[in-house]
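S.K.:
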Amino acid sequence: MDADIKVRDLRKRYGSTLAVDGLSFTVPPGRVTGFVGPNGAGKSTTMRIVLGLDAPDEGTALVGGRPYRSLRSPLRHVGALLDAAAVHPPRRAADHLLWMAQASGLPRRRVDEVLGMVGLESAAHRPAGGFSLGMRQRLGIAAALLGDPPILMFDEPVNGLDPDGIRWIRELLRSLAAQGRAVLVSSHLMGELEDTADHLVVIGRGRLVTETGVGTLLAAASGGRVALRTSHRSEAMTVLATAGATVTATGRETVTVAGLPTERVIALLTEHGLPFSEVAAHRASLEEAYMELTRGAGEFTAAPVRDAS
Amino acid sequence: MSRILRAEWTKLRTVPSTAWLVAAVVALTVALGTAAVASLDTEYCPTPTTCAEDTARISLTGVWLGQAAVAVLAVLAVTNEYASALIRSTLAATPSRLLVLTGKVAVVTATVLAAAVPGVAGSVLAARVILPSNGFTAADGYAPLSLADGPTLRAAAGTVLYLGLVAVIGVGIATIVRGTAAALTAALTVLYAVPLLVRFVSDPAWQEQLQRWSPSSAGLAIQATTGLDRLPIQPWAGLGVLAGYAAVTLVCAAALFRARDAG
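Respectively, the protein sequence lines represent chains A and B. For the first sequence, the UniProt record's numbering gives the first residue as 1, with consecutive numbering after it. For the second sequence, the UniProt record's numbering gives the first residue as 1, with consecutive numbering after it.
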């Protein structure tokens, strides 16, 4: 069985809301694919459809080339963390994993193994209802790992984790991908994926915005701009604009220059006797690149705050 | 099939409320039955053959309370999953809705049957001990209540089956409704509304129709051991009516469960 997720022309409507609108993308094996979009963009809906929980109105979602509902032991093929609260509170953590193992014909020892992998051994016999959000996330991740599946999906796995937990899950995601598994991780915060994902599927309003590599996206967003720091900001802006650059003030002493190479910027400033303390190629953050891409794609866009005075 | 049965059994036994509700089924059934038998005397029993009291049926009165605990147990087994979104884990592990529903019904019903046996046996035993001290003595010609007696055995075994069918209806209604409050209200209405309503119906013909076709009144005809010719519906036919309701509920539940998103 191939370890991949293929979504083709997916469409899903809930009442009057079109949650997913003709979405297609592929999650290949051996990589962490980030699934990003604003809240309400359709990420969770897509993941529920991939898991056969919700039925699409149109289109297909295949895991390893097959519809999820046709799998006889699905947890051996796909592991998923959908929401950390999907545990009945009075039931103990180990019992929650035990019934899942039994439903998939997995041996009982897998329960202890995955509890160890997520660091919950000592809490195994406590009711899951008393867990912190971070512990419930770990329990959900343990459940996803139960069947040692080649395909994994995590919906907002970083939610509720402390910095140690965040580092832990990043390493886990990377190591799962390094083992050749297909890993899909959703997030509405691009920055969370900056050091984790190799590949990005960006969606907004249920549609694909772009499917691209992280490096490509960053390069495109940076757009060959130069960041400059100078105490003579306005003079520098005039000089550079006259030379044909698009200059934007970003702070009291900082400007961003587009349309001129770094060497030319330095030459012009020197020529006009303008001092500067920093010139560097501007490196966009994933967050910036994402904002650029999804502008207007959110379900709810806040109006700019107006000054009341 | 064995996988889903094991998984559902683990789910049911690993929440503390299950043990309490099983204990409640036994305790409530025996307690109310004992109270009913204890308040019985021979006033309407000039002789054993003309006795108007159906002692076997009265000893099993406790089913009226025990069935409420059964309904709660069956409803919670389903609605707890929706309340906690656990249903998503369930359907991710076992995508076949029919398999999940079958497993749930089988495990909950088996558990209720296992609780009903001591509840019913305890009720009959308590009556056997108490009745002689209320004047139903062997010396006066009243045979001790015994499961060796055909009609009494039918009443007792039928009551166990009755509670099993209540469990099936409870799981079915909960699968249809999904919310705890709404499902409990619906299940208890099905069990208690008509028997209560009958008291306000003055026309005897209507009364008889209601008792013949209401789930609990018809189903509990299985408890009658005397005066069978005056019953609105015969014992096994009555239990059959209840089984019909259970089957219809289950078919509706299965159809909706398959058609709807996981929730």
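Where a beta carbon is used, it is the ideal one built from N, C-alpha and C, also for glycine.
Looking only at its chain, what residues have a beta carbon closer than 6 angstroms to the beta carbon of Ile233 of chain B, apart from the 5 residues adjacent to it on each side?
M.R.: Excluding sequence positions up to five before and after Ile233 of chain B, its CB lies within less than 6 angstroms of the CB of Arg212, Ala218 and Ala221, all in the same chain and listed in chain order.
S.K.: If you check the beta carbons only, do Ala187 of chain B and Ile173 of chain B fall under 7 angstroms apart?
M.R.: yes
S.K.: I need the boundaries of the beta strand (DSSP E) containing Gly22 of chain A, first residue and last residue.
M.R.: Thr17 to Val27
S.K.: Assign Met135 of chain A to one of three DSSP states: helix, strand, or coil.
M.R.: helix
S.K.: May I ask you to report which of helix, strand or coil DSSP gives Ile5 of chain A?
M.R.: strand
S.K.: Mind checking who Glu58 of chain A pairs with in its DSSP beta bridge?
M.R.: A:Arg11
S.K.: Just to confirm the assignment, what range does the alpha helix (DSSP H) spanning Met47 of chain A have?
M.R.: Lys43 to Val50
S.K.: Alpha carbon to alpha carbon, how far is Leu153 of chain B from Leu228 of chain B? Give it in angstroms, no decimals.
M.R.: Taking the straight line joining both Cα atoms gives about 15 angstroms.
S.K.: Once DSSP output is grouped into helix, strand and coil, what is the label at Val226 of chain A?
M.R.: Val226 of chain A falls in the strand class under three-state DSSP.
S.K.: Taking only beta-carbon atoms, is Lys104 of chain B less than 7 angstroms away from chain A?
M.R.: no
S.K.: Given a threshold of 16 other Cβ atoms within 10 Å of its Cβ, counted over all protein chains shown, does Met291 of chain A qualify as buried or as exposed?
M.R.: exposed
S.K.: Using a beta-carbon distance below 7 angstroms, is Val166 of chain B in contact with chain A?
M.R.: no
S.K.: Go to His199 of chain A, then tell me how far its beta strand (DSSP E) extends in each direction, as first and last residue.
M.R.: His199 to Gly204
S.K.: If Arg138 of chain A sits next to Leu120 of chain A, beta carbons under 8 angstroms apart, how far is it from one beta carbon to the other, in whole angstroms?
M.R.: 5 angstroms
S.K.: Could you spell out the range, first to last residue, of the alpha helix (DSSP H) harbouring Thr55 of chain B?
M.R.: Thr55 to Ser59
S.K.: Near Gly180 of chain A, which residues of its chain fall below 8 angstroms by C-beta distance, leaving aside the five closest residues on each side in sequence?
M.R.: Ala3, Pro29, Gly30 and Pro150
S.K.: Give a yes or no on whether the minimum CB-CB distance between Met100 of chain A and chain B is below 7 angstroms.
M.R.: yes
S.K.: Is the segment 5-25 of chain B in contact with the segment 42-53 of chain B, if contact means three or more CB pairs nearer than 8 angstroms?
M.R.: no
S.K.: Measure the C-alpha to C-alpha separation of Leu53 of chain A and Asp261 of chain B and round it to an integer number of angstroms.
M.R.: 6 angstroms
S.K.: Reducing DSSP to helix, strand and coil, say where Met1 of chain B ends up.
M.R.: When secondary structure is reduced to three states using DSSP, Met1 of chain B falls in the coil class, being assigned neither helix nor strand.
S.K.: Report yes if the C-beta distance between Arg110 of chain A and Ala101 of chain A is below 7 angstroms; otherwise report no.
M.R.: yes
S.K.: I'd like to check one pair, Ala221 of chain A with Glu288 of chain A: are the Cβ atoms closer than 7 angstroms?
M.R.: yes
S.K.: Determine the chain B residues that contact Pro74 of chain A at a beta-carbon separation under 9 angstroms, and present them in chain order.
M.R.: Ala92, Ala93, Thr94 and Pro95
S.K.: Going by DSSP, what residue range makes up the beta strand (DSSP E) through Glu235 of chain A?
M.R.: Counting along the chain, Glu235 of chain A falls outside any beta strand (DSSP E), though it belongs to the alpha helix (DSSP H) covering Arg233 to Thr242.
S.K.: Less than 6 angstroms between C-beta atoms, sequence neighbours within five positions excluded: which residues of the same chain meet that for Gly170 of chain B?
M.R.: Ala71, Ala74, Val75 and Ala187
S.K.: Note down the Cα distance separating Ala237 of chain B from Ala243 of chain B, rounded to an integer number of angstroms.
M.R.: 10 angstroms
S.K.: With DSSP as the reference, label Ala52 of chain B as helix, strand or coil.
M.R.: coil
S.K.: Using a Cβ cut-off of 7 angstroms (strictly closer), state whether Ser24 of chain A contacts chain B.
M.R.: Not an interface residue.
S.K.: Taking 7 angstroms as the CB-CB limit, is Val15 of chain B close to chain A?
M.R.: yes
S.K.: Quick one: what's got a C-beta closer than 6 angstroms to Gly59 of chain A's C-beta in the same chain, skipping five residues either side?
M.R.: Result list for Gly59 of chain A: Arg8, Asp9, Leu10 and Arg11, in chain order.
S.K.: Tell me whether Asp203 of chain B sits in a helix, a strand or coil according to DSSP, three-state version.
M.R.: coil
S.K.: What residues of chain B sit near Ala103 of chain A, judged by a beta carbon separation below 7 angstroms?
M.R.: Arg3, Ile4, Ala7, Ala93 and Thr94
S.K.: What separation, rounded to the nearest whole angstrom, lies between the Cα atoms of Arg128 of chain B and Thr249 of chain B?
M.R.: 37 angstroms
S.K.: Just the C-alpha distance for Ile176 of chain B and Cys252 of chain B, rounded to the nearest angstrom, thanks.
M.R.: 7 angstroms
S.K.: Quick check: Gly147 of chain A and Leu75 of chain A, are their CB atoms within less than 7 angstroms of each other?
M.R.: Contact flag set, yes.
S.K.: Mind listing the chain B neighbours of Val87 of chain A? Cutoff is C-beta to C-beta under 8 angstroms, in chain order.
M.R.: Ser84, Leu86 and Ser89
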